[in-house]
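A.B. asks:
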Amino acid sequence: MKSEESLNHESLLRNFYEAFARGDADAMAASYHDQASFSDPVFPGLDAPQVRAMWKMLTSQATDLKLEFSQITADEQGGSAHWDAYYTFSVSGNMVHNSIDATFEFRDGLIYRHVDTFGFWRWSKQALGVPGLLMGWSPMLRGVVRKQAAKSLAKWQAKEAAAQ
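Residue numbers (the working numbering): 5 to 168.
(1) Taking the Cβ atom as the reference point for each residue, do L132 and S96 lie within a distance shorter than 8 Å?
(2) Could you tell me which uninterrupted alpha helix (DSSP H) segments, each at least 4 residues in length, are contained entirely in the region 29 to 100, listed from first to last along the chain?
(3) Taking the C-alpha atoms as reference points, what is the distance between V148 and P135?
(4) Would you call the region 98 to 116 and the region 149 to 162 in contact, with 3 or more CB pairs under 8 Å?
(5) Count the other CB atoms, across all protein chains shown, that sit within 10 Å of the CB of Y90; report buried if there are 16 or more and exposed otherwise.
(6) Verify whether the separation of the beta carbon atoms of A78 and L17 is less than 8 Å.
(7) Determine contact between the region 40 to 47 and the region 23 to 30, defined as no fewer than three beta-carbon pairs at a distance below 8 Å.
(8) Among the candidates M144, W127, V119, W141, whose CA atom is the shortest distance from the CA of L50?
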């Protein structure tokens, strides 16, 4: 039988992905601890303000996002989930189906560490087309994509700060 804390963590993750599917970045942000971190192949090493801004940026720019999630499990310390995102990549206009596995650590009933893993080459072939097909395996292309993503996030955060 699962502990109450395990059930609460499973509920936290389910609510997080339900909010994501609705495009509710504020509800997603509320799921994170103030010292949270996030990492994936495109956005590595984000701190809590950056991860909250990233989700807000991504959900606000998504015009046709379809999200499916499954395999949510959690215990007192950590959890995992699988999710699939279907969307048009704004830079290229290409349709993408990204299949992601997520792992979590919890602190104080919130997400403390969140790591998403997915095949960068598989993603880049879909998102970037021929350049992704030819170069998606290379650290160079990954670096270019990460640099552009970091620049977009910093620009988004500056715009949000100026609006307040």
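Cβ coordinates follow ideal geometry from the N, Cα and C atoms, glycine included.
C.D. replies: Working from what's here:
(1) Taking a C-beta distance under 8 Å as the contact criterion, L132 and S96 qualify as a contact pair.
(2) Along the region 29 to 100, the alpha helix (DSSP H) occurs as fully enclosed runs of 4 or more residues at 29 to 33, 52 to 65, listed in sequence order.
(3) CA-to-CA, the gap between V148 and P135 works out to about 12 Å.
(4) No: the two stretches stay apart, fewer than three of their Cβ pairs being nearer than 8 Å.
(5) So Y90 counts as exposed.
(6) Contact: yes.
(7) The region 40 to 47, when compared against the region 23 to 30, does not touch it at the 8 Å Cβ threshold.
(8) The candidate whose alpha carbon is nearest that of L50 is V119.
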